[in-house]
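First to last, the sequence lines map onto chains A and B. As numbered in my numbering, residues 1 to 307 make up the first sequence, in order. As numbered in my numbering, residues 308 to 614 make up the second sequence, in order. Ideal Cβ positions, reconstructed from N, Cα and C, are used throughout, including at glycine. The structure appears right after this line, and notes come after that.
Number of protein chains: 2
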Amino acid sequence: MSLVVVGSMAFDDIETPFGKSNKIIGGAATYIALSASNFKKPIKQISVVGGDFPVEELEALSNRGVDLEGVQIKKDKKSFYWSGRYHMDMNTRDTLETQLNVLGEFVPIVPESYQDCEFLMLGNLLPEVQLSVIRQLKHRPRLIAMDTMNFWMETAADDLKKVIREVDVLMVNDSEARELSGEFSLVKAAREILKMGPEYLIIKKGEHGALLFHKQQVFFAPALPLEEVFDPTGAGDTFAGGFIGHIARSKDISFENMKTAIVVGSAMASFCVEKFGTQRLQEISQDDIDERIQEFVQLVNFDIALI
Amino acid sequence: MSLVVVGSMAFDDIETPFGKSNKIIGGAATYIALSASNFKKPIKQISVVGGDFPVEELEALSNRGVDLEGVQIKKDKKSFYWSGRYHMDMNTRDTLETQLNVLGEFVPIVPESYQDCEFLMLGNLLPEVQLSVIRQLKHRPRLIAMDTMNFWMETAADDLKKVIREVDVLMVNDSEARELSGEFSLVKAAREILKMGPEYLIIKKGEHGALLFHKQQVFFAPALPLEEVFDPTGAGDTFAGGFIGHIARSKDISFENMKTAIVVGSAMASFCVEKFGTQRLQEISQDDIDERIQEFVQLVNFDIALI
């Protein structure tokens, strides 16, 4: 039984107050797979790249236990490209350029060897592509988690609602939760979104942490207070990777275990932002991860017996 | 040994997207005392009001165990008055009018019966007034906590730094921490501020919770996700009251116990914002408080054994 990850693989060109990245490897599926591969192998990846995507980057993923059979390589085309600039507060960014390239006509094909999918992570992508993957799976996965963004709410609302109806866990950020629900209060927004289909809703608040809603229950995990957020690109995807990686490793889809998965995801995201692109994710060891998770425990742990 | 609270007592006139309060009772010391009186009695209050301050409001405080010997009543003068308007996100507000009135010439007098002060909470007020209270105490309290605001950083920076040097716990919000330190990163800001004197720094982030810094340690407590924040006025003071109230009750000034105190403060603040002014604080019972603190435990509790 396996973990299948769907999403973009891309070139990113990032500018922050601390410097420029130049053209580096990015994309939702790249971050998700790099993050999740610390917890579960293999990761079965579904994506598309152009002939310009470096072979050594594909090999590096492969070496980390990412199965690329579902990654289409369009030799004569160019990979998805995104460039953006972050402002001083690192919570807002401007997109400078988007070239869809191969992503513009992407029709995902689920390989036969992926049909044992137990956990499915739909990274941010056209809702139509996300839906197509769900439809191609002969058996419904035990858990489908999905990330999306405001862009699809504005350009593909109907398709988006169809996917949302099919998934168990939806991940959005705070402003997207407000946009999707039409409610300003996140508690009210969560209640409305849970009516749209998902059993679980994760609202990501960047440096302000993440909320998990399920029925009447709510859980909160902070982000680690960092000296410097160097580059937030991919933090949400890295969070998703840690989350689904922990779930796939533990095979436990209870609310209690999702709380832990959120802490694991937050820990992974806290690494991601420390350097440009995927650099930090490529460096870290299992010990680094264990240590960071302990920092999260320390960060929120208090002694209720004293009250 | 007692808990002494210093701060303004005022009339507030509040406008939020949900309505207008008209002229109601407010002021830092009022909120702090109302909040702290749930944990420790008596509260020995130092403040000043005009002849227009309602006797029944003073009696109500008195009935809750607030000793008003240190509250000067200037019969021929008017009480401090503030009016403000909150925006939709409730994190920003405009001051519409400030009338200092009796506060403009306030010279605090510490009654002899307050000389047993073990815990001192300096609510947001002129740094000069805060300093005067410290100077009048013959024995240094075991713990001095202080709240302040950006206004004093801009108009009384020298006095402010003098007080900060004398206190054990400083409370500011995130933008004030940035302004005081000249650092954008809150981790770096905390490091700079801890060099200015205090052993402990609490950075309040409103709906995004609060951080406690001490040496190399950091603790985070979230704010309770609420359906609606009705009126944030006094939330920071109510937090301070819960914090110092818990410390004074437990007589434990360890870092571990300060974490608990922050959770207690956050719980109290979550009540404050549910109605206009002090209304909700006047209604709640010990059971309500216990229940709310349990909600905070549930909100952040996760099972580390599963990782």
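Which residues in the same chain have their Cβ closer than 6 Å to the Cβ of residue i, if we skip the five residues on either side of it in sequence?
i, result
"V264/A", "G242, H246"
"D147/A", "G123, N124, M171, A240"
"L613/B", "Confidence is the limiting factor: at L613/B the pLDDT is only 46, short of 50, which leaves the residue's position unreliable and the question unanswerable from this model."
"Q99/A", "Y81"
"V49/A", "M9, I73, S79"
"F346/B", "G552, H553, R556"
"F583/B", "S328, D538"
"R140/A", "none"
Is the beta carbon of residue i less than 8 Å from the beta carbon of residue j?
i, j, result
"S339/A", "F53/A", "Given a span of 1 to 307 for chain A in the structure shown, any question on residue 339/A remains unanswerable."
"M308/B", "A336/B", "no"
"D466/B", "I451/B", "no"
"F230/A", "F18/A", "yes"
"P529/B", "G513/B", "no"
"K382/B", "V409/B", "no"
"Q115/A", "L131/A", "no"
"V311/B", "K351/B", "yes"
"F219/A", "L606/B", "yes"
"M121/A", "I164/A", "no"
"L518/B", "I500/B", "no"
"A33/A", "L61/A", "yes"
"G333/B", "G541/B", "yes"
"Y31/A", "T278/A", "yes"
"G70/A", "P111/A", "yes"
"E118/A", "R142/A", "yes"
Name the residue from the options whose alpha carbon lies nearest to the alpha carbon of residue i.
i, options, result
"R191/A", "H214/A, M149/A, P108/A, K161/A", "H214/A"
"M268/A", "L224/A, V6/A, V55/A", "L224/A"
"K204/A", "R178/A, Q282/A, E227/A, K195/A", "R178/A"
"I24/A", "I32/A, I293/A, A33/A, D13/A", "D13/A"
"D374/B", "S354/B, L508/B, K384/B", "S354/B"
"D401/B", "D544/B, A555/B, G543/B, T323/B", "T323/B"
"I416/B", "E563/B, V313/B, P349/B", "V313/B"
"F11/A", "G51/A, E166/A, E69/A", "G51/A"
"P198/A", "S113/A, E166/A, K77/A", "E166/A"
"I600/B", "Q589/B, I569/B, A463/B", "I569/B"
"Y507/B", "T462/B, E563/B, A464/B, K558/B", "E563/B"
"M565/B", "V580/B, R587/B, R442/B, I509/B", "I509/B"
"N480/B", "N398/B, V580/B, D597/B", "N398/B"
Among the residues of its own chain, which have a CB less than 7 Å from the CB of residue i, if the five just before and after it don't count?
i, result
"L96/A", "S83, G84, R85"
"A496/B", "A484, R485, S488, E490"
"I284/A", "F271"
"S420/B", "E376"
"R587/B", "F578, C579, E581"
Might you give, ordered along the chain, the residues of its own chain that have their beta carbon closer than 8 Å to the beta carbon of residue i, omitting 5 neighbours on each side?
i, result
"E483/B", "T455, M456, N457, M460"
"F302/A", "none"
"S266/A", "G209, A210, A221, P222, A223, L224, F239, G242, F296"
"D595/B", "F578"
"K162/A", "P127, L131"
"M88/A", "P17"
"V133/A", "V4, V6, I46, P108, V110, L120, L122"
"A156/A", "L126, P127, E128"
"Q261/B", "Residue 261/B falls outside the range modelled here, since chain B spans only 308 to 614, and no answer is possible."
"Q524/B", "F562"
With residue i and residue j assumed to form a contact (beta carbons below 8 Å), what rounded beta-carbon distance in angstroms separates them?
i, j, result
"R371/B", "S328/B", "At roughly 21 Å, the Cβ-Cβ gap does not stay under 8 Å, so R371/B and S328/B are not in contact."
"E535/B", "S254/A", "In fact, because the Cβ distance is near 30 Å, the residues do not count as touching under 8 Å."
So with CB distances below 9 Å, who are the chain D contacts of residue i?
i, result
"D303/A", "The chain inventory of the structure shown lacks chain D, comprising the protein chains A and B."
Worksheet item: Fully enclosed by the region 394-450 of chain B, which alpha helix (DSSP H) runs are 4 residues long or longer?
Response: Taking only runs of at least 4 residues, the alpha helix (DSSP H) segments lying wholly in the region 394-450 of chain B are 434-443.
Worksheet item: Which runs of the beta strand (DSSP E) spanning at least 3 residues fall entirely within the region 519-550 of chain B, listed in chain order?
Response: Fully enclosed beta strand (DSSP E) runs of no fewer than 3 residues occupy 524-528 of the region 519-550 of chain B, in order along the chain.
Discussion item. My parser needs the alpha helix (DSSP H) runs of 4 or more residues fully inside the region 265-304 of chain A; what are they?
Written reply: DSSP runs (the alpha helix (DSSP H)) wholly in the region 265-304 of chain A: 279-283, 286-300.
Item to complete: Could you pull out every unbroken beta strand (DSSP E) segment of at least 3 residues lying fully inside the region 472-504 of chain B, listed in chain order?
Response: Unbroken beta strand (DSSP E) stretches of 3 residues or longer found wholly inside the region 472-504 of chain B: 476-480, given in chain order.
Practice prompt. Let me know the alpha helix (DSSP H) ranges lying completely inside the region 312-345 of chain B, each 4 residues or longer, listed in chain order.
Written response: Whole alpha helix (DSSP H) segments, 4+ residues: 335-343.
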